[in-house]
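Q: Chains as they are written, first to last, in this note's numbering: chain A, 690 to 834; chain B, 690 to 834; chain C, 31 to 103; chain D, 31 to 103. Beta carbons: idealized from backbone N, C-alpha and C, even for Gly. Values in this document were obtained by computation on a predicted structure and should not be read as measured data. So that we are looking at the same thing, I have put the structure below in structure tokens.
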Amino acid sequence: MLYLYDGALDVPTILKDWYEQEEKSNYGAYIPFVGTVRSEDNIDGLSFDVYEPILESWFKSWQEKAKQKGAIIKMAHSKGDVMLHESSYIAAVFSPKRRVALEFIDEFVEDFKASAPIWKYDLKNGKRVYALDRSTAIKGSGILK
Amino acid sequence: MLYLYDGALDVPTILKDWYEQEEKSNYGAYIPFVGTVRSEDNIDGLSFDVYEPILESWFKSWQEKAKQKGAIIKMAHSKGDVMLHESSYIAAVFSPKRRVALEFIDEFVEDFKASAPIWKYDLKNGKRVYALDRSTAIKGSGILK
Amino acid sequence: MVRVEFLGPIQKETLELEITNLNELAKILQDDKEMQKWLENSAVAVNDTLVSSREYGLKDGDKVSLLPPVCGG
Amino acid sequence: MVRVEFLGPIQKETLELEITNLNELAKILQDDKEMQKWLENSAVAVNDTLVSSREYGLKDGDKVSLLPPVCGG
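Pasting the structure below:
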């Protein structure tokens, strides 16, 4: 499942809800990845734009990949502003086997960073500044140039 | 930190406590690994023996490795009986960087499986049966043979 | 009519264009100075599916989206 | 006197032995039929530190531990 929230994520509640949803599903491994806004470059926080239609189809393709390995994935992300030391992203894999889970969370998070249609802005002195230098062009970019 | 509990782990509480302990420490990534007892081979649960002195020195060596990468680790494990669909193991890494965190949790969990002085028993029909076939000889075993 | 949307940080209003493929869109956007930097690094979706060729045909009612570099998490 | 402990599933009482190195311990345990299968796959710690050589010297008050195959998690 894919969950989008306005503003910061309630990490303990999400981790608990997901654990309890799958507690009896007979998965041996549960690995959440929690991303938190770090204090650096004097930012006050981050802000996110999300394009939901493509995010949903991207996530669906990963749900299929997970299913083929007997695993499931869940993801939560913030829209809008998330301040310092708040969390904006949680992804989690549940799998019968630990190796599958450890490899899947890595692949999923890396592809998320490279492909998910989400744009990040630094919040600085009341302004929203696109984080171009930390962003990645989606594979196949540039066909109109 | 290393935490040992009698019986099953309270996963939501541990994940919440650890998150809150490090919420303001400026780590960008928090990755817990949660191990849950699966229903297989008609077991009623698992049981664990832990040899704490060597577990503690093993864990300390991993704390040092984490420190060198600017990361920290936490671990919780059960002693005694843990029934089906209950959890017996949580390991977590906190790191400024996601790549460090993703690689570290994998290395840590694998070395834990290969080296941590913990013995697993199947609980079956009221008996405690050593899980030899799923166990790994510690590196350097056999010097007395 | 094809609707062209600019996502995320691209500060440009949605366009309604009479075009039949992405080649025609490319020519129109290349003439827009503000857009040149984005054409380099943006991906293109038609009706919310990413496409990899400029020859992609468009029909009345299609939606084209430009996706600049991403950074979720 | 050296104390020898058998950890986890090894069903054997602690021994108190007058030995000066692990070679002597090996000889004593090899004569114990019950122990032969464990000697193959057990690691050895002296005073809670794993050791890798049978030449390891022992002194009065040392603790030797035998660690059979592990499986945490």
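#1: Please list the partners that residue 801 (chain B) has in chain D, where partner means a Cβ-to-Cβ separation under 7 Å.
#2: Would a C-beta distance cut-off of 7 Å place residue 717 (chain B) and residue 785 (chain B) closer than the cut-off?
#3: Nearest CA to the CA of residue 735 (chain A): which residue from A:775, A:759, A:805 and A:789?
#4: Is residue 823 (chain A) helix, strand or coil when you go by DSSP?
#5: Report the three-state DSSP secondary structure of residue 733 (chain A) (helix, strand or coil).
#6: From this set, B:759, B:745, B:690 and B:819, which residue's C-alpha is nearest residue 790 (chain B)'s C-alpha?
#7: Name the one or two DSSP bridge partners that residue 721 (chain B) has.
#8: Can the beta-carbon of residue 38 (chain D) be found closer than 7 Å to that of residue 747 (chain B)?
#9: Quick one: Cα of residue 86 (chain C) to Cα of residue 51 (chain C), how far?
#10: State the CB to CB distance for the pair residue 780 (chain B) and residue 722 (chain B), rounded to an integer number of angstroms; the pair is presumed to be in contact (CB under 8 Å).
#11: Determine the chain A residues that contact residue 774 (chain B) at a beta-carbon separation under 8 Å, and present them in chain order.
#12: Among all the DSSP beta bridges, which residues are the ones paired with residue 769 (chain A)?
#13: Determine the closest residue to residue 726 (chain B) out of A:724, A:805 and A:719, with distance taken between C-alpha atoms.
#14: Going along chain A in order, which residues have a C-beta closer than 9 Å to the C-beta of residue 78 (chain C)?
#15: Would you verify that the beta carbon of residue 825 (chain A) is, or is not, closer than 7 Å to some beta carbon of chain C?
#16: Does the beta-carbon distance from residue 704 (chain A) to residue 698 (chain B) come in below 7 Å?
#17: Below 8 Å on the Cβ atoms is my contact criterion, and I expect residue 102 (chain D) with residue 778 (chain B) to pass it. Report the Cβ-Cβ distance as a whole number of Å.
#18: Quick check: the stretch 81-99 of chain C against the stretch 68-81 of chain D, are there 3 or more CB pairs under 8 Å?
#19: In whole angstroms, what separates the C-alpha of residue 79 (chain D) from that of residue 57 (chain D)?
#20: Does DSSP put residue 807 (chain B) in a helix, in a strand, or in coil?
#21: What residues from chain B crowd round residue 728 (chain A), counting only those whose CB sits closer than 9 Å?
#22: Is the beta carbon of residue 806 (chain B) sitting closer than 7 Å to the one on residue 100 (chain D)?
#23: So which residues of chain D does residue 692 (chain B) contact, with C-beta pairs closer than 7 Å?
#24: Taking only beta carbons into account, state which residues of the stretch 82-99 of chain C come closer than 9 Å to chain A, listed in chain order.
#25: List, in order along the chain, the chain A residues whose C-beta lies closer than 9 Å to that of residue 732 (chain B)?
#26: Looking only at C-alpha atoms, which of A:832, A:826, A:833 and A:815 sits nearest to residue 657 (chain A)?
#27: Relative to the alpha-carbon of residue 713 (chain B), which residue among A:770, A:761 and A:728 has its alpha-carbon at the smallest distance?
#28: Please identify the residue among D:66, D:45 and D:65 whose C-alpha is closest to the C-alpha of residue 94 (chain D).
#29: Against residue 805 (chain B), what residues of chain D qualify as contacts under a CB-to-CB distance less than 7 Å, listed in chain order?
#30: Identify, in the order they occur along the chain, each residue of the same chain with its Cβ nearer than 7 Å to the Cβ of residue 690 (chain A), setting aside the five sequence neighbours on each side.
#31: Quick one: residues in its chain with C-beta nearer than 8 Å to the C-beta of residue 798 (chain A), no 5 flanking neighbours on either side, listed in chain order?
#32: Give me the residue from A:833, A:796 and A:692 with the minimum Cα distance to residue 755 (chain A).
#33: Could one say the Cβ of residue 59 (chain D) lies closer than 7 Å to chain B's Cβ atoms, at least one of them?
#34: Counting only C-beta atoms, is residue 70 (chain C) closer than 7 Å to chain A at any point?
A: Well, looking at it:
#1: By Cβ distance, chain D contributes 102 and 103.
#2: Their beta carbons are under 7 Å apart, which means residue 717 (chain B) touches residue 785 (chain B) by this criterion.
#3: Of the listed residues, the one whose Cα sits closest to residue 735 (chain A) is A:775.
#4: In the displayed model, residue 823 (chain A) falls within a helix according to three-state DSSP.
#5: DSSP, read as helix, strand or coil, puts residue 733 (chain A) in coil.
#6: The shortest C-alpha separation from residue 790 (chain B) is found at B:759.
#7: Note: residue 721 (chain B) sits in a beta bridge opposite B:781.
#8: Against a cut-off of 7 Å, the Cβ pair of residue 747 (chain B) and residue 38 (chain D) comes out as no contact.
#9: A direct Cα-Cα distance of roughly 6 Å separates residue 86 (chain C) from residue 51 (chain C).
#10: About 5 Å separates the two Cβ atoms, so the contact holds.
#11: Simply 712, 713 and 715.
#12: Answer is A:737.
#13: Ranked by how close their Cα comes to the Cα of residue 726 (chain B), the residues A:724, A:805 and A:719 have A:719 in first place.
#14: Among the residues of chain A, those whose CB is under 9 Å from the CB of residue 78 (chain C) are 740, 742, 743, 745 and 746, following chain order.
#15: Taking CB atoms only, residue 825 (chain A) has a neighbour in chain C less than 7 Å away.
#16: No, Cβ-Cβ distance for residue 704 (chain A) and residue 698 (chain B) is not below 7 Å.
#17: Yes, residue 102 (chain D) and residue 778 (chain B) are in contact; Cβ-Cβ is about 7 Å, under 8 Å.
#18: With contact defined as three or more Cβ pairs closer than 8 Å, the stretch 81-99 of chain C and the stretch 68-81 of chain D are not in contact.
#19: Separation of residue 79 (chain D) and residue 57 (chain D) (C-alpha to C-alpha, rounded to the nearest whole angstrom) is 21 Å.
#20: Three-state DSSP puts residue 807 (chain B) in a strand.
#21: The answer, in chain order, is 715.
#22: In this structure, residue 806 (chain B) sits near residue 100 (chain D), with a CB-CB distance shorter than 7 Å.
#23: Ordered by position in chain D, no residue passes the 7 Å Cβ test against residue 692 (chain B), which lies about 14 Å from the chain.
#24: Under the 9 Å Cβ criterion, the stretch 82-99 of chain C contributes 82, 83, 84, 86, 95, 96, 97, 98 and 99.
#25: Those within 9 Å of residue 732 (chain B) in chain A number zero; the least Cβ separation is about 12 Å.
#26: Here chain A comprises residues numbered 690 to 834, so residue 657 (chain A) is not present and cannot be evaluated.
#27: Answer by Cα proximity: A:728.
#28: Of D:66, D:45 and D:65, the smallest CA-CA separation from residue 94 (chain D) is found for D:45.
#29: Going along chain D in sequence order, the residues near residue 805 (chain B) (Cβ under 7 Å) are 100 and 102.
#30: Only 763 meet the Cβ criterion.
#31: Hits under 8 Å: 722 and 780.
#32: Per the Cα distances, A:796.
#33: Residue 59 (chain D) belongs to the set of residues whose beta carbon lies under 7 Å from a beta carbon in chain B.
#34: Judged by the 7 Å Cβ criterion, residue 70 (chain C) is in contact with chain A.
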